[in-house]
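**Q** The structure under discussion is supplied below as structure tokens; questions concerning it will follow.
Residue numbers (this note's numbering): -19 to 338.
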């Protein structure tokens, strides 16, 4: 089914700053980011619509180094700085796509379309800008995987997936498993021995190519680039019988697991979140870990390249719950490559709702 678009560190105090008597706070939600998870929060956009965090998209990074769209973060204008994507309901029932340029500027319209089953993002045409992958489930149970170049062009269908395939495949995800700079689509399907066969569609539309297989649940996998070769690696934190974890990755998703480190049961029991990214900007993927503090805040920790000891040295902490953190490359400097930590710091009470578009 072709779906047609109609184009048109020091510790930080996290509370909102005090206001002088008689001041009226500007309505909206204040977006902030911490450089590499180390610095104090700096302001981004104040979203006057108060868009819920659950409705914001940042892209799922699957690489390291520079080239925002190439490694999965959102960059619709190709300027090398993180954008944020959302949708807004139109009066005709379609969704208006929008993005906040550089995460600092007001919302800009992209195109609009019917609501999909899910969104993913990557650079499917190699132009250095983020494209929108929209998965549509059809009446017969099949799926159409369509993409819109830069979120502004009419859909092109990458793949039609049969009902049988839909029932077997894990949710499609985006990576670059052949290192050509163009986004691929990854799925896993069950094998008769209980393992999951990994495979990918090069450039999103070519025939599936088999990768390796593993017993790790597909939903638990994360993508990165631990060996800095430009190929997406597949990471898993494998639970052990004694409560410890073994951190491993498969180079390019095709090689046998390489052990990064073994994490003790005592450490693993404290993990509230694991997130991959290039937090120190060295071009290789690190593992970001959130653990509780005795004062009720959450400590941010880092394992450089995934193999170094998990350390809080130089890292920040916050009272913001771990599941309310998001990640991207928000620094505006040319060539900036650190993965940063995003949060909504506070919302002032008078908020202009997201408008309905016609």
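Glycine included, C-beta positions come from ideal geometry on N, C-alpha and C. Treat the numbers as computed from the prediction; the structure is a model and nothing was measured.
For residue 247, which residues does DSSP report across the bridge?
**A** Your numbering for residue 247 matches position 267 in the chain shown. DSSP output for residue 247 lists no bridge partner at all.
**Q** For residue 97, list the residues DSSP reports as bridge partners.
**A** One-based indexing of the chain shown puts residue 97 at position 117. In the DSSP output, where bridge partners are listed per residue, residue 97 has none listed.
**Q** What residue range is occupied by the uninterrupted alpha helix (DSSP H) comprising residue 144?
**A** The count along the chain shown starts at 1 and reaches residue 144 at position 164. 143 to 148 is the extent of the alpha helix (DSSP H) around residue 144.
**Q** Assuming residue 217 is part of the beta strand (DSSP E), what are its boundary residues?
**A** Taking the chain shown and counting its residues from 1, one reaches residue 217 at position 237. Unbroken beta strand (DSSP E) run through residue 217: 213 to 219.
**Q** Return the residue from the list 46, 148, 90 and 109 that minimises the CA-CA distance to residue 134.
**A** In the chain shown, the residue the question calls residue 134 occupies position 154. Of the candidates 46, 148, 90 and 109, the one whose C-alpha sits nearest the C-alpha of residue 134 is 90.
**Q** Closest to residue 80 by C-alpha separation, out of 258, 59 and 74, would be which residue?
**A** Counting from 1 along the chain shown, the entry for residue 80 is found at position 100. Nearest option by C-alpha distance: 59.
**Q** Output needed for residue 259: all residues of its chain with C-beta closer than 7 Å, excluding positions within five of it in sequence on either side, in chain order.
**A** Numbered from its first residue, the chain shown carries residue 259 at position 279. 16, 17, 266, 268, 282, 318 and 319, listed in sequence order.
**Q** Starting from residue 26, trace the beta strand (DSSP E) in both directions and tell me its first and last residue.
**A** For the purposes of this step, residue 26 is taken as the residue at position 46 of the chain shown. Residue 26 -> beta strand (DSSP E) spans 22 to 27.
**Q** Near residue 110, what residues of its chain come up, given a Cβ to Cβ distance below 6 Å and the 5 sequence neighbours on each side ignored?
**A** As a first step, residue 110 is located in the chain shown; it is residue number 130 there, counting from the start. Correct list, in chain order: 49, 54, 55, 56 and 101.
**Q** To the nearest whole angstrom, what separates the beta carbons of residue 325 and residue 21, a pair I think is in contact under 8 Å?
**A** Here residue 325 is taken as the residue at index 345 of the chain shown, counted from 1. Here residue 21 is taken as the residue at index 41 of the chain shown, counted from 1. Confirmed, Cβ separation roughly 6 Å.
**Q** Would you tell me roughly how many angstroms separate the C-alpha atoms of residue 323 and residue 310, rounded to the nearest one?
**A** In the chain shown, residue 323 corresponds to position 343, counting from 1. In the chain shown, residue 310 corresponds to position 330, counting from 1. Each residue's alpha carbon lies about 12 Å from the other.
**Q** Could you check the C-alpha separation between residue 235 and residue 254 for me, to the nearest Å?
**A** What you label residue 235 is simply residue 255 of the chain shown in a count that begins at 1. What you label residue 254 is simply residue 274 of the chain shown in a count that begins at 1. Each residue's Cα considered, the two are about 23 Å apart.
**Q** Using alpha carbons as the reference points, say which of 70, 170 and 84 lies closest to residue 61.
**A** To locate residue 61, count along the chain shown from 1; it is residue 81. Nearest option by C-alpha distance: 84.
**Q** DSSP state of residue 169, grouped into three classes?
**A** Your numbering for residue 169 matches position 189 in the chain shown. Reduced to three states, the DSSP call for residue 169 is strand.
**Q** Please check the pair residue 237 and residue 228, which I expect to be a contact at CB under 8 Å, by giving their CB distance rounded to whole angstroms.
**A** Within the chain shown, the letter at position 257 stands for residue 237. Within the chain shown, the letter at position 248 stands for residue 228. With 8 Å as the limit, residue 237 and residue 228 qualify as a contact, their Cβ atoms being about 4 Å apart.
**Q** Residue 324 by DSSP, collapsed to three states: which one?
**A** Residue 324 sits at position 344 when you count from the first residue of the chain shown. Three-state DSSP puts residue 324 in a strand.
**Q** Can you say whether residue 153 is buried or exposed, counting buried as having 16 or more other CB atoms within 10 angstroms of its CB?
**A** In the chain shown, the residue the question calls residue 153 occupies position 173. Flag for residue 153 reads buried.
**Q** On a Cα-Cα basis, can you pick out the residue from 251, 88, 98 and 103 that is closest to residue 114?
**A** If you number the chain shown from 1, residue 114 lands on position 134. Checked all of 251, 88, 98 and 103; the closest Cα to residue 114 is 98.
**Q** For residue 23, is the classification buried or exposed, using 16 other Cβ atoms within 10 angstroms of its Cβ as the cut-off for buried?
**A** Working through the chain shown from its first residue, we reach residue 23 at position 43. Label assigned to residue 23: exposed.
**Q** How would you call residue 157, buried or exposed, if buried means at least 16 neighbouring beta carbons within 10 angstroms?
**A** On the chain shown, residue 157 is found 177 positions in, with the first residue counted as 1. With 16 or more Cβ atoms within 10 Å of its Cβ, residue 157 is classed as buried.
**Q** Short check: CB of residue 252 to CB of residue 278, under 8 Å?
**A** Taking the chain shown and counting its residues from 1, the one referred to as residue 252 is at position 272. Taking the chain shown and counting its residues from 1, the one referred to as residue 278 is at position 298. Cβ atoms of residue 252 and residue 278: closer than 8 Å.
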